[in-house]
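Notes follow once the structure below has been shown.
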Amino acid sequence: MKKQSGFTLIELVIVIIILGILAVTAAPKFLNLQDDARNATLKGVEGSLNSAAAIVYSKAVIAGQEKNPDGSVQLADGTVATVFGYPKANEDELKKVVSLSDKDWAIKNIAGSGVGIFPSGVSAATAIESKNCYVAYEQPVSSGVVPTVTVFDCK
């Protein structure tokens with residue numbers, strides 16, 4: 001007689017159960033991909049803001065404006081208002097130094113000396129109140145101090 005080889009029904013059921021358990025434990029990680037993508041994009045905006053601020057500061061140093069609390073520097077796209085050599089924290093000035101699509105991003109002035117940059121579809125008022133899903137830029141308050149760029153991750 002021939003000996004049959006293969007899986008028994010019980011072995012098949014056990015394998016299916018194990019795969020089901022693995023799928024249930026791994027699913028939450030894969031379902032959270034949208035927040036991960038938004039957080040990565042916010043980190044990219046943070047890097048762009050820091051780089052743009054450094055470039056503007058370099059121009060301000062060359063122009064002797066780095067200690068001026070109300071200065072300006074000339075860039076290829078026009079004049080940028082500066083505070084101690086860094087871009088002034090308002091919507092218009094940040095749009096001059098960082099290229100962000102109006103379709104994908106909103107830049108809004110927030111209380112104090114800051115500006116918030118929000119992904120499209122995120123309410124600015126709600127995001128600020130809950131400190132959720134935006135990048136905040138605050139201008140320096142004195143000479144020798146760098147601007148503060150803070151990322152509030154999406155939750």
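Just so we're aligned, residue 1 is where the sequence shown starts under UniProt numbering, counting upward by one. Even for Gly, the Cβ is constructed at its ideal location relative to N, Cα and C.
One or two residues paired with residue i in a DSSP bridge
| i | result |
| --- | --- |
| T82 | G71 and P87 |
| G114 | I110 and E138 |
| P119 | W105 |
Reduced DSSP category for residue i - H, G, I as helix; E, B as strand; rest coil
| i | result |
| --- | --- |
| V149 | strand |
| V61 | helix |
| L100 | coil |
| K155 | coil |
| S143 | coil |
| E66 | coil |
| K43 | helix |
| D77 | coil |
| K131 | coil |
Nearest residue (CA-CA) to residue i, options the options
| i | options | result |
| --- | --- | --- |
| residue 187 | T8, T79, C154 and P140 | Absent from the structure is residue 187, since the part of the chain shown begins at 1 and ends at 155. |
| E93 | S58, A23 and I107 | I107 |
| G64 | A89, G85, L31 and K95 | G85 |
| Y137 | N90, D153 and C154 | N90 |
| S99 | K131, G112 and A52 | A52 |
| V122 | S5, T150 and D104 | D104 |
Proximity of residue i and residue j at Cβ, strictly below 7 Å
| i | j | result |
| --- | --- | --- |
| G71 | T82 | yes |
| A127 | Y134 | yes |
| F152 | N132 | yes |
| V45 | V56 | no |
| K95 | D77 | no |
| K67 | S142 | no |
*Sequence ranges, alpha helix (DSSP H) only - wholly within the segment 3-34, length at least 4*: 9-31
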